[in-house]
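**Student:** Quick one: structure below, then a few questions.
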Amino acid sequence: MNPNSTTAGNRRKAKKSIPFPSTRRLRSKSPNRQASPPPSAAAIADGDLLLEELSQFEALRISPESPNPRSFPHSVKQQCWEKAEKIKGRDPDRWRRDSLGNTVFRKLAGCPGCLCHDYDHIVPYSKGGKSTLENCQVLQAAVNRSKGNRTEISKIELIQKSATCRVSGREMDFLELSSYGNVRRGQDSGGCKIQ
């Protein structure tokens, strides 16, 4: 066996005792020893190049927020959800009825299913409608998509466009459990609670 060759076990021991190259300079055994050597000329040149590149972005400005954004701000969505009709016996933070009476689930926003909802502009944005609480309603997503930017559509027509699905309390529990990890009842659920 060659005395200069090492076994795999010896190599592992050797690797464990050597610190990572990036931390080698930072370790110091005496308080008077300098932690790292001064930067090289190449490092200084790289830093100057980086500063030069960053200075190109100084003139870049982010446009101010539009006073009337196309989508509703988060705070308006929160208030819009709060003004939607509550479902008796269910947590109002999770379940509501849209303006047509369809049951919608908070976590299902923007999808095409029967429990999905959108925050709808009552007067469409394309027709001058503002993204304000007064112009916001929770609406089943399928209905909102069929409504589009029309204003001359009756409530009966919108109800006919609704994706109908009936969900039992047990099914609602499963949805809550899979989405939130627990089931919460509304304050007005009534009945007795077994502890």
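Straight run, no breaks: the sequence shown in UniProt numbering ends on number 195.
Don't be surprised by glycine CBs; every beta carbon is placed ideally from N, CA and C.
Measuring only from the beta carbon, is Lys88 closer than 7 angstroms to any heavy atom that is part of the ligand FAD?
**Tutor:** The model depicted lacks the ligand FAD and carries no ligand whatsoever.
**Student:** On the DSSP letters alone, give me the boundaries of the alpha helix (DSSP H) that Tyr119 sits inside.
**Tutor:** Here Tyr119 belongs to no alpha helix (DSSP H); instead the beta strand (DSSP E) covers 117-121.
**Student:** Here's a check: name, in chain order, each residue in its chain whose Cβ is nearer than 8 angstroms to the Cβ of Asn182, leaving out the five neighbours to either side.
**Tutor:** These residues qualify, in order along the chain: Glu176.
**Student:** Mapping the DSSP letters down to three states, classify Gln56 as helix, strand or coil.
**Tutor:** Here Gln56 sits in coil by DSSP.
**Student:** So, under 8 angstroms CB-CB, Ile159 and Leu100 are touching, yes? Tell me the CB distance rounded to an integer number of Å.
**Tutor:** Contact holds; Cβ gap of about 5 angstroms.
**Student:** Rounded to whole angstroms, what's the CA-CA distance from Ile156 to Val143? Just pull it up for me.
**Tutor:** C-alpha separation (whole angstroms): 11 angstroms.
**Student:** In the structure shown, what three-state DSSP assignment does Cys165 receive?
**Tutor:** Residue state, collapsed to three classes: coil.
**Student:** If the criterion is Cβ atoms closer than 8 angstroms, does the pair Ala141 and Cys165 meet it?
**Tutor:** No.
**Student:** What number of angstroms, rounded off, separates the C-alpha of Arg90 from the C-alpha of Glu152?
**Tutor:** Distance between the alpha carbons of Arg90 and Glu152: 34 angstroms.
**Student:** Please state the DSSP three-state secondary structure of Phe72.
**Tutor:** Residue state, collapsed to three classes: coil.
**Student:** I believe Ile122 touches Gly113 by the beta-carbon criterion, under 8 angstroms. Please report the beta-carbon distance rounded to the nearest angstrom.
**Tutor:** That belief does not hold up - the Cβ atoms of Ile122 and Gly113 are roughly 23 angstroms apart, past 8 angstroms.
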